[in-house]
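Peer 1: Per mature numbering (1 follows the signal peptide of the UniProt record, and there is no 0): the sequence shown = residues -24 to -1, 1 to 405. Ideal Cβ placement from N, Cα and C applies to all residues, glycine included. Given the structure is predicted, the values throughout are model-derived calculations rather than measurements.
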Amino acid sequence: MMQRRQFVSTVAAGSALGTLGLLSGCATPVAGGSGPHVVVIGGGYGGATAAKYIRLFSEGKVQVTLVEPNEAFVSCPISNLVIGGIKQMSDITIPYDNLAKRHGVKVVRDRATAVDPDKRTVKLAGGAELKYDRLIVSPGIDFMWETLPGMAKPGAQDKVLHAWKAGPQTVALRKQLEAMPDGGVYALSIPQAPYRCPPGPYERACMVAHYFKKAKPKSKVIVFDANDDIQSKKALFTKAWNEHYSGIIEYRPKHRVVDVDAATNTLKFEFNEDFKGAVLNVVPNMRAGDIAVQMGLATANKRWCEVDFLTFESKAVKNVHVLGDAIQIAPAMPKSGHMANQHGKTCAAAVVNLLLGKEPPATPLYANTCYSFVTDEDVVHVASVHRYDPEKKTMLTVPGSGGVSARASELEGRYALAWARNIWADTLA
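(1) Considering Ser55, what are the terminal residues of the alpha helix (DSSP H) in which it resides?
(2) Quick check: the region 109 to 119 against the region 11 to 24, are there 3 or more CB pairs under 8 Å?
(3) Evaluate Glu154 with the Cβ neighbour count: other Cβ atoms within 10 Å of its Cβ, from every protein chain shown; 16 or more gives buried, anything less gives exposed.
(4) Is the distance from the Cβ of Val299 to the Cβ of Gly265 below 7 Å?
(5) Taking the C-alpha atoms as reference points, what is the distance between Asp205 and Ser34?
(6) For Pro340, does the count of other Cβ atoms within 10 angstroms reach 16, so buried, or fall short, so exposed?
(7) Does Met82 pass the burial test, meaning 16 or more other C-beta atoms within 10 Å, or should it be called exposed?
(8) Using only the alpha-carbon positions, how far apart do Asn203 and His79 sit?
(9) Helix, strand or coil for His357? Go by DSSP, reduced to three states.
(10) Could you check what DSSP says for Arg31 in three-state terms: helix, strand or coil?
(11) Is Tyr347 near Ala382, with beta carbons less than 7 Å apart?
(12) Run through the region 122 to 170 for me and flag every whole alpha helix (DSSP H) of 4 or more residues, listed as ranges in chain order.
(13) Give me the residue from Cys281, Thr25 and Gly272 with the minimum Cα distance to Pro93.
(14) Report the rounded CA-to-CA distance for His297 versus Gly22, giving the unit in angstroms.
(15) Residues in the same chain with beta-carbon distance under 7 Å from Asp235, minus the five sequence neighbours each way, listed in chain order, please.
(16) Of the choices Val380, Val269, Trp400 and Gly11, whose alpha-carbon is the least far from that of Leu212?
(17) To the nearest angstrom, report how far apart Leu137 and Val259 are at their CA atoms.
(18) Closest by CA to Glu219, which one among His186, Lys194 and Phe200?
(19) For Leu256, count neighbouring C-beta atoms within 10 Å of its own C-beta (all shown protein chains included) and say buried if the count is 16 or more, exposed if not.
(20) What number of angstroms, rounded off, separates the C-alpha of Ala132 from the C-alpha of Pro310?
(21) Quick check: the region 280 to 290 against the region 138 to 147, are there 3 or more CB pairs under 8 Å?
(22) Ser66 by DSSP, collapsed to three states: which one?
(23) Cβ of Lys209 within 7 Å of Cβ of Pro175?
(24) Report the partner residues of Thr275 according to the DSSP bridge assignment.
(25) My parser needs the alpha helix (DSSP H) runs of 4 or more residues fully inside the region 262 to 330; what are they?
(26) Buried or exposed: which applies to Ala24, given that a residue is buried once 16 or more other Cβ atoms fall within 10 Å of its Cβ?
(27) Between which two residues does the beta strand (DSSP E) containing Ile17 stretch?
(28) Answer yes or no: do Ala239 and Val161 have a C-beta to C-beta separation smaller than 7 Å?
(29) Apart from the five residues just before and just after Ser377, which ones in its own chain have a Cβ nearer than 6 Å to its Cβ?
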C-alpha cells in the first residue's frame, strides 16, 4: 500500500508537465506586463493552480489575472475537522499573496458578473472590464435552491446551513452544534450524486459524531441519503460507524429531501415521513457555479459543463476553459479538490501551448487521492490514476492503479495532513 500511495503522490505532483515553448506576445497586454493575457475566474483548487502554473510553464511570458472575491483561500478538504472541533478556520485558510509576490499573478478581489465571448471581455461587479486571449472559468458549485422551495423564505438559508463551501457557514454550523442541547439530533441530508466530494458527507457524520461522543453523549447523528447507498468507501465508513459510533450514527438511504421548513426545523421527503431535528444540515442538489450557467457553459442537463479533456476548453464556447467541480466528469472521476488541482495543471499546459500555436500535450495523466477522517486521528483514503484515451476522447482510470485503504489508521492521518499541506503549497505557494 505504501508503494501505491507513493506512486499516486508522484504522479499527482508531476502530471501535466511538458516542454513548452515561449511566445513573444502580440495579444492584449495586462497592466504591468506584456504578452498574451489569460483571465482566471475563481481562486479555488482549479483556478489558483491554473493561474500559478501558466506563469511557471510560460516562464512569465503569459500574463495572468485571477478574479476572486474572497480575501483568502479556504480549503473545503479538512473543513469537516473544523465542524468537529478538531481544527480551527485558521488551519485551513491560506492567503493569495504568494501568487502575486512569487509568480506575478495579478489578483483582483472582485466578482465576475458577465462575459462577452465575442469581444473576449469579463465585466466585474466593481465596474472594471478585463480583456483576455484565453479565459479559464473555475467557479466551483452553486446550489439548486429551486428544488427546495421552503429555503427561499426569508432567513431560511441563514438557519438551515449547507456548509458545503468552506467559510462563514463552516463556523456557523460548528456554533449550532455547540449550542444544541445534549440529547438533540443533528440531521444531515445528502443530495443525489453527482455532487462535490463524494466522501465528504460521510466524513462529516464521523466528525460530528466524534464531537457528540465526547461532549454530548446523548445526542445522535442521522444521515438522510438521497442515494441508494453510501457513495464512497462504503465498507470503511460502515466499519468506522460500527466500531466508534454505535448508537450515535444512524444511516438512512433512499431519503430524498424535497423541501425544508426552516421555522420548525423539519425535513420533508419524497416518500418518507417528515423529520424534525435540533440542527439541520441540508446539502442541496448542485450544479456548476452561477457564472458558468450564465455563460451557457452548463450544457449537460443545464447543470455541468462539458469540456475537451485534452485542454479543458468548453464544448460550447471557444477560448473558454472550465475546471474543477463545475465540469461534467469523466468516468470514475470524483469532484474533489485534488482533481481540480490536476485539472488546473493540465489546462495550464494546454493553454500555454495553444497561445504558442502548438498542439496541447497529447497524453495527460493525473491522479486523485481523497482522505477521510473517521476519528480525530484515524483516516482512510481512496486513490485513482487517470489517463487520456484518444479514441474515446475522455479520461479513463488506469487499470490496477489506486484503490482504498485496507483499514483506518493513525498513520494515514499523518499522511492526510501532509497531503493537505503539500497541495496547499502546490496550489498557492
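Peer 2: So, from the listed chains and residues:
(1) Ser55 to Ile59
(2) yes
(3) exposed
(4) Residue 299 is actually Leu in this sequence, not Val. For Leu299 and Gly265, no; Cβs fall outside 7 Å.
(5) 46 Å
(6) buried
(7) In the sequence as displayed, the identity of residue 82 is Lys instead of Met. The residue in question, Lys82, is buried, as its Cβ has 16 or more Cβ neighbours within 10 Å.
(8) 43 Å
(9) strand
(10) The answer is helix: DSSP assigns Arg31 an H, G or I state.
(11) Contact flag unset, no.
(12) 132 to 135 and 144 to 155
(13) Gly272
(14) 11 Å
(15) Leu124, Pro125, Gly126 and Lys244
(16) Val380
(17) 8 Å
(18) The candidate whose alpha carbon is nearest that of Glu219 is His186.
(19) buried
(20) 30 Å
(21) no
(22) For Ser66, the secondary structure class from DSSP, reduced to helix, strand or coil, is helix.
(23) yes
(24) Within the DSSP secondary-structure output, Thr275 pairs in no beta bridge.
(25) Counting only unbroken stretches of 4 or more residues, the alpha helix (DSSP H) elements lying wholly within the region 262 to 330 are 266 to 270, in sequence order.
(26) buried
(27) His13 to Ile17
(28) no
(29) Val361
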